[in-house]
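Per full-length UniProt numbering, the very first residue in the sequence shown carries number 1; after that it's consecutive.
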Amino acid sequence: MAATVTAQEEVAGLDRVLMRLAMTEDENLEKVLVKLVPLVIGKLSTPHEETRKKVLEILSHVNKRVKGQLSIKLPLKELLPLVSLDVPAPVPSEAAPAALAMVRSFALVYLEMAFERAEPG
1 MAATVTAQEE
11 VAGLDRVLMR
21 LAMTEDENLE
31 KVLVKLVPLV
41 IGKLSTPHEE
51 TRKKVLEILS
61 HVNKRVKGQL
71 SIKLPLKELL
81 PLVSLDVPAP
91 VPSEAAPAAL
101 AMVRSFALVY
111 LEMAFERAEP
121 G
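Take a look at the structure:
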């Protein structure tokens with residue numbers, strides 16, 4: 001039987017992610033963001049409002065770090081499954097369709113940013 005993760009546990013985990021992200025040097029940021037951005041955007045599908053707020057805080061931090069630094073690439077192929085909504089909602093609920101729409105919207109925003117930063121070829 002799978003244990004249900006509480007909002008408090010999700011937020012605590014995301015707090016640790018934000019702390020590690022804040023401590024990541026710019027030269028290592030791209031490697032971290034390839035895994036982090038899709039994972040964090042996927043967390044927007046949670047039924048917990050507190051978790052979504054923390055995700056938005058992390059994404060805001062990412063935006064501040066990469067703004068003006070076009071040399072830092074963002075993930076392209078890793079975000080595609082989020083846009084096509086291949087991400088199941090963690091808990092079936094009435095909010096699930098709206099939460100999945102939020103995941104898709106943020107994935108599209110970051111896909112656009114990633115495309116702008118991608119190397120031609």
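In this text, a Cβ means the ideal position worked out from N, Cα and C, and glycines have one as well.
With 16 or more other CB atoms across the displayed protein chains lying within 10 angstroms of its CB, K54 is buried. Selection E78, P120, A101 evaluated against V32 yields E78 as nearest (Cα-Cα). Assignment of alpha helix (DSSP H) within the segment 4-72, counting only whole runs of 4 or more residues, yields 7-23, 26-42, 49-66 in chain order.
Following the DSSP letters along the chain, one finds P81 inside the alpha helix (DSSP H) bounded by residues 80-83.
Counting C-beta pairs closer than 8 Å gives fewer than three between the segment 66-78 and the segment 96-106, which falls short of the contact rule.
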